[in-house]
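Asker:
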Amino acid sequence: ANTLCSKAQSTELTTVGLALKAVIDQMREQVQNVE
Numbered sequence: 016a017n018t019l020c021s022k023a024q025s026t027e028l029t030t031v032g033l034a035l036k037a038v039i040d041q042m043r044e045q046v047q048n049v050e
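Residue 16 is where the sequence shown starts when you use our numbering, and the numbers rise one by one after that.
(1) Between the C-alpha atoms of V31 and N48, what's the straight-line distance to the nearest angstrom?
(2) Which of helix, strand or coil does DSSP assign to E27?
(3) Could you compute how far the alpha carbon of L28 sits from the alpha carbon of M42?
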């Protein structure tokens, strides 16, 4: 998601990339909580 944001030229893509990164981070936290 980070590379997508740095390469994105439109703000929409950057916003989507940041939202995607946030979702991925949340999923990682949930996986750690399960373990």
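From the three backbone atoms N, C-alpha and C, an ideal C-beta is built for every residue, glycine too.
Model, not experiment: these values are computed from the prediction.
Answerer: Short version:
(1) 26 Å
(2) helix
(3) 21 Å
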